[in-house]
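Data block below; observations after.
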Amino acid sequence: MVFNVLDNARDASPHWVGMAAWQDAQALYIRVQDQGPGFAPAILAQLGQPYQSTKGRPGGGLGLFLAMNVARTLGGSVQARNHPEGGAQVTITLPLAAIALAET
1 MVFNVLDNAR
11 DASPHWVGMA
21 AWQDAQALYI
31 RVQDQGPGFA
41 PAILAQLGQP
51 YQSTKGRPGG
61 GLGLFLAMNV
71 ARTLGGSVQA
81 RNHPEGGAQV
91 TITLPLAAIA
101 LAET
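Counted from 1, the sequence shown has number 16 at position 16 by full-length UniProt numbering; the numbering is strictly sequential.
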């Protein structure tokens with residue numbers, strides 16, 4: 001799931017991709033940011049739909065769709081926006097209860 005978001009960021013911004021991860025008592029947050037052109041308004045409006053891509057190649061438009069579906073299945077979310085200083089920003093939120101390993 002995170003790989004799909006990182007792959008998209010690398011394609012949009014091959015010279016710089018940033019990633020941060022943190023948690024609070026309830027969730028793990030993973031933020032990926034790039035310095036590419038950002039999301040077109042039409043892409044943001046269709047976020048979560050398959051085959052929404054700016055890449056124009058076969059199979060494109062499934063990475064973010066799959067990431068969103070995995071996050072939703074785990075009770076989390078994926079939010080995408082254009083960063084005010086330029087580029088795109090995607091934040092994945094996953095509830096700790098859904099991803100915690102069982103203690104042995």
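Just so it is clear, CB atoms sit at the ideal spot from N, CA and C, and this is done for glycine as well. Owing to the predicted nature of the structure, the values given are computational and were not obtained by experimental measurement.
Local Cβ density within 10 Å of residue i, reported as buried at 16 or more and exposed below that
{"i": "Gln33", "result": "buried"}
{"i": "Leu96", "result": "exposed"}
{"i": "Gln79", "result": "exposed"}
{"i": "residue 107", "result": "Past the edges of the chain, shown from 1 to 104, lies residue 107, and the structure says nothing about it."}
{"i": "Ala9", "result": "buried"}
Residue i Cβ short of 8 Å to the ligand MG heavy atom set
{"i": "Leu62", "result": "The ligand MG is not among the ligands present in this structure, which contains no ligands whatsoever."}
Collapsed DSSP secondary structure at residue i in the structure displayed
{"i": "Gly18", "result": "strand"}
{"i": "Asp34", "result": "strand"}
{"i": "Leu28", "result": "strand"}
{"i": "Pro95", "result": "strand"}
Inter-residue spacing [alpha-carbon to alpha-carbon] between residue i and residue j
{"i": "Gln35", "j": "Gly87", "result": "4 Å"}
{"i": "Gly38", "j": "Arg81", "result": "8 Å"}
{"i": "Leu64", "j": "Glu103", "result": "31 Å"}
{"i": "Gly75", "j": "Ala27", "result": "10 Å"}
{"i": "Ala21", "j": "Pro41", "result": "27 Å"}
{"i": "Thr73", "j": "Trp16", "result": "30 Å"}
{"i": "Asn4", "j": "Leu62", "result": "9 Å"}
{"i": "Pro50", "j": "Leu94", "result": "21 Å"}
{"i": "Pro84", "j": "Leu44", "result": "15 Å"}
Beta strand (DSSP E) segment containing residue i, residue limits
{"i": "Pro84", "result": "From DSSP, Pro84 is part of no beta strand (DSSP E); its letter is neither H nor E."}
CB of residue i within 9 Å of CB of residue j, strictly
{"i": "Arg31", "j": "Ile99", "result": "no"}
{"i": "Ala67", "j": "Met19", "result": "no"}
Delimiting residues of the alpha helix (DSSP H) encompassing residue i
{"i": "Ala12", "result": "2-12"}
{"i": "Gly63", "result": "63-73"}
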